[in-house]
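Undergrad: The structure that follows is given in the form of structure tokens.
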Amino acid sequence: MAFRDDVRRIRAIAWKDLTTERRSKAGFNSVAALAITILVLFGFALGPDAQALRDAAAGALWLSALFAGVLAFNRSYQVELDGGALDQLLQYPGPRWVIYVGKLIANSLFVGLMLVIVVAVGIALFQVRIPKAWPSLIGVFALGAVGLVVLGTFYAAMASRSRAREVLLPLLLFPMLVPVLLAAISATKALLVGDIMHESGAWIKLLGAYDLIFLVATLWAFEYVIEV
Amino acid sequence: MVTAQSELAIEAQGVARRFGARWVLRGVSIELGPGEIVGLLGANGSGKTTLLRIFGTLLKPTAGTARIYGHDVARETDAVRSELGFLAHTPGLYDDLTARENLRFGAMMLGLPAGNNLDAALERVGLGHVINERVRGFSAGMQRRLAMARLLLRHARVLLLDEPYSNLDTAGIKLMNEIIAEAGAAGGAALVVLHELAPAAGVLDRTITIVNGRVAESKPAPIPRVRLVPGERAAATAGATR
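Here it is as structure tokens:
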């Protein structure tokens, strides 16, 4: 019975976050616009050399997603801070990890949609040839997005308790995301060039392992960062 | 008043709380029995809201113990939260959800059945005409009424109310008093943070005054409480306007 109540609470939080985001629109539009702008700026910085653009595509895609993701994670807790909703949210009975999982689901859909746009624009802008192993590439993007969202949602909760949350979140998040980004960029790069060295498998396994470790650790630790 | 045999609804023993170097509460001890309604008075910064937030599990005491129906607020948070109806100074609503959706979210988080008297609660607080409107367009008083409707869903045994009358018109104040009186008649206890006694006239059993983080005075309310018969519901007259 308690588990069913927890599932219901998770659904409620995810629904609430997605509904408020869908209705406000400004959030997703600004995040997507930022991601595209960063991609375009990378394009300008790299110049017109098609091969240089293709070589840098994996890094540019993931860094765009990361910078835009920070905006999204901050917003997911800003909704709670406006009007004191976080106090009310914490007043409801039930385990705290329920709040985290609900927000994870909403942020995953949000960041997933943003990644679709980033990848589509990136492919066009960086003249990327879609590889034969495109299902594996989708898997890499999914695993990378999970790592990004797990850590982003967790550290945004931690930063939400601070007045300097906009500055604090990247300072906390970026160092922790290094292994996820390294694995995601390396796997993406390998797959985009046809995985000649058969190295993508190892990176994908590493990415999956990071995701699992971070998910378990953040589920356990969330209560301590959200409670005062 | 509290009898020796009764289980205390709200209890604090030497509760202290420090923010940085500043002690906001310096050893507060209070007791409220079931059915007792107490006003918490004090100047700005005296520690009223901090005490309420400690009882509401939103802050942990630096020293001392606080209990709700015997459950320690720092260690048995889930059991405490199941007993509480907490109305903070801010309404804690989501601007981009409608009035009904805000209540529905609250009901789901409380584990209440779907469609559990949401519209009836909204009608009662005078928001029946804006059920499907987004909260973003509500006045501060309407948002307060919506927070009251959320309180009605809980059927809590303990009400913690932080300045519950702020932004409310006369009808809203009357409605708030009805909710408090009904909770008291049903055996629930209420701790009500107040800046002035006038709106709560006839609702309180006694008042506790906090000065500089300490209980300075505890005395019967100047206007005795008008008690409802358990189950009785005062006539609600509420018509919220923007």
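First to last, the sequence lines map onto chains D and P. Using the working numbering, the first residue of the first sequence is number 4, and each one after it goes up by one. Using the working numbering, the first residue of the second sequence is number 492, and each one after it goes up by one. The beta-carbon is built from N, C-alpha and C at its ideal position, and this holds for glycine as well.
May I have the straight-line CA-CA distance separating A15 (chain D) from M600 (chain P), to the nearest angstrom?
TA: Their backbone Cα atoms lie some 7 Å apart in a straight line.
Undergrad: With a cut-off of 8 Å, do at least 3 Cβ pairs link the segment 184 to 194 of chain D to the segment 205 to 222 of chain D?
TA: The answer is yes - the segment 205 to 222 of chain D touches the segment 184 to 194 of chain D, with three or more Cβ pairs under 8 Å.
Undergrad: Below 7 Å on C-beta distance, what does Y585 (chain P) contact in chain D?
TA: By Cβ distance, chain D contributes K19, T23, V82, A88.
Undergrad: Determine, for G597 (chain P), whether the minimum Cβ-Cβ distance to residues of chain D falls below 9 Å.
TA: Judged by the 9 Å Cβ criterion, G597 (chain P) is in contact with chain D.
Undergrad: With DSSP as the reference, label H620 (chain P) as helix, strand or coil.
TA: It is helical.
Undergrad: Assuming G211 (chain D) contacts L151 (chain D) under a Cβ cut-off of 8 Å, what Cβ separation, rounded to an integer in Å, is found between them?
TA: About 14 Å separates the two Cβ atoms, so there is no contact after all.
Undergrad: G72 (chain D) to Q81 (chain D), Cα distance in whole Å?
TA: Each residue's Cα considered, the two are about 14 Å apart.
Undergrad: Whose Cβ in chain D lies nearer than 7 Å to the Cβ of R513 (chain P)?
TA: Here the premise fails: no neighbours, minimum Cβ distance about 16 Å.
Undergrad: Go ahead and pull the three-state DSSP assignment for P711 (chain P).
TA: Three-state DSSP puts P711 (chain P) in a strand.
Undergrad: With distances taken from CA atoms, which of P:A503, P:I501, P:V515 is nearest V702 (chain P)?
TA: Among P:A503, P:I501, P:V515, the Cα nearest to that of V702 (chain P) belongs to P:V515.
Undergrad: Can H646 (chain P) be considered in contact with the ligand FMN, in the sense that its beta carbon sits closer than 8 Å to one or more heavy atoms?
TA: Absence of the ligand FMN is noted for the structure shown, with no ligands found whatsoever.
Undergrad: Note the first and the last residue of the continuous beta strand (DSSP E) segment covering T698 (chain P).
TA: Segment 697 to 702, the beta strand (DSSP E) holding T698 (chain P).
Undergrad: For S27 (chain D) and chain P, any beta-carbon pair shorter than 9 Å?
TA: For S27 (chain D), the answer is yes, since a Cβ of chain P falls inside 9 Å of its Cβ.
Undergrad: For the beta strand (DSSP E) that contains Q487 (chain P), what are its first and last residues?
TA: With chain P covering 492 to 733 only, the question about residue 487 (chain P) has no answer from this structure.
Undergrad: Starting from I199 (chain D) and walking both ways along the alpha helix (DSSP H), at which residues does that stretch end?
TA: No alpha helix (DSSP H) contains I199 (chain D), which DSSP labels as neither H nor E.
Undergrad: Count the other C-beta atoms from every protein chain shown that fall within 10 angstroms of the C-beta of N593 (chain P), then say buried if there are 16 or more, exposed otherwise.
TA: When all chains shown are included, N593 (chain P) counts as buried.
Undergrad: Does A579 (chain P) pass the burial test, meaning 16 or more other C-beta atoms within 10 Å, or should it be called exposed?
TA: Result: buried.
Undergrad: Straight-line CA distance for L222 (chain D) to F6 (chain D)?
TA: Cα-Cα distance, rounded: 16 Å.
Undergrad: Under 6 Å Cβ to Cβ from I39 (chain D), same chain only, skipping five residues before and after it: list those, please.
TA: Cβ neighbours of I39 (chain D) beyond the five flanking positions: V124.
Undergrad: Considering only the alpha carbon of each residue, which of D:G46, D:A63, D:V153, D:Y103 lies closest to A17 (chain D)?
TA: Checking every option, the nearest Cα to that of A17 (chain D) belongs to D:Y103.
Undergrad: Got a sec, what are the start and stop residues for the beta strand (DSSP E) D653 (chain P) sits in?
TA: Note, D653 (chain P): beta strand (DSSP E), 649 to 653.
Undergrad: Give me, in chain order, the residues of the same chain whose beta-carbon lies closer than 7 Å to that of A159 (chain D); leave out the 5 immediate sequence neighbours on both sides.
TA: F76, N77, S79, Y80, L172.
Undergrad: Using the beta-carbon of each residue, which ones in chain D are nearer than 9 Å to P582 (chain P)?
TA: Residues of chain D passing the Cβ test: G86, G87, A88, Q91.
Undergrad: For L588 (chain P), would you say it is in contact with chain D, using Cβ-to-Cβ distances shorter than 9 Å as the test?
TA: Yes, L588 (chain P) counts as interfacial toward chain D.
Undergrad: Kindly list the residues whose CB is nearer than 6 Å to the CB of I664 (chain P), restricted to its own chain and excluding five residues on each side of it in sequence; keep chain order.
TA: Excluding sequence neighbours, I664 (chain P) sits near Y656, P690.
Undergrad: Is Y277 (chain D) close to chain P? Criterion is C-beta to C-beta, closer than 9 Å.
TA: Residue numbering for chain D in the displayed model covers 4 to 231; residue 277 (chain D) lies beyond these limits and cannot be assessed.
Undergrad: Give the residues of chain P in contact with D8 (chain D), contact being defined as C-beta atoms less than 8 Å apart.
TA: What D8 (chain D) touches in chain P: G602.
Undergrad: Kindly indicate which residue of D:V121, D:T156, D:Q130, D:F129 has the alpha-carbon position closest to the one of I141 (chain D).
TA: Residue D:V121 is the option with its Cα nearest to I141 (chain D).
Undergrad: Keeping to the same chain, check which residues put their C-beta closer than 7 Å to that of V564 (chain P); ignore five residues upstream and five downstream.
TA: Once the five neighbours on either side are set aside, the close Cβ partners of V564 (chain P) are I545, F546, T548, A557, R558, V571.
Undergrad: Quick check: the segment 174 to 184 of chain D against the segment 94 to 101 of chain D, are at least 3 beta-carbon pairs closer than 8 Å?
TA: No, because fewer than three Cβ pairs between the segment 94 to 101 of chain D and the segment 174 to 184 of chain D fall closer than 8 Å, the two stretches do not touch.
Undergrad: Tell me the rounded alpha-carbon separation between M677 (chain P) and N32 (chain D).
TA: For clarity, residue 677 (chain P) is Ala in the given sequence; the question names Met instead. Cα-Cα distance, rounded: 50 Å.
Undergrad: For F577 (chain P), which three-state DSSP category applies?
TA: Three-state DSSP puts F577 (chain P) in a strand.
Undergrad: If you count every other CB in all the chains shown that lies within 10 Å of the CB of L84 (chain D), and 16 or more means buried, which is it?
TA: L84 (chain D) should be labelled exposed.
Undergrad: For V228 (chain D), which residues of its own chain have a beta-carbon under 6 Å away from its beta-carbon, when the five flanking residues on both sides are left out?
TA: So the qualifying residues of the chain are A160, M161.
Undergrad: Using a Cβ-Cβ distance cut-off of 9 Å, determine whether P98 (chain D) contacts chain P.
TA: With 9 Å as the cut-off, P98 (chain D) counts as an interface residue toward chain P.
Undergrad: For chain D, check one thing: does any of its Cβ atoms lie closer than 9 Å to the Cβ of Q634 (chain P)?
TA: It does; some Cβ of chain D falls within 9 Å.
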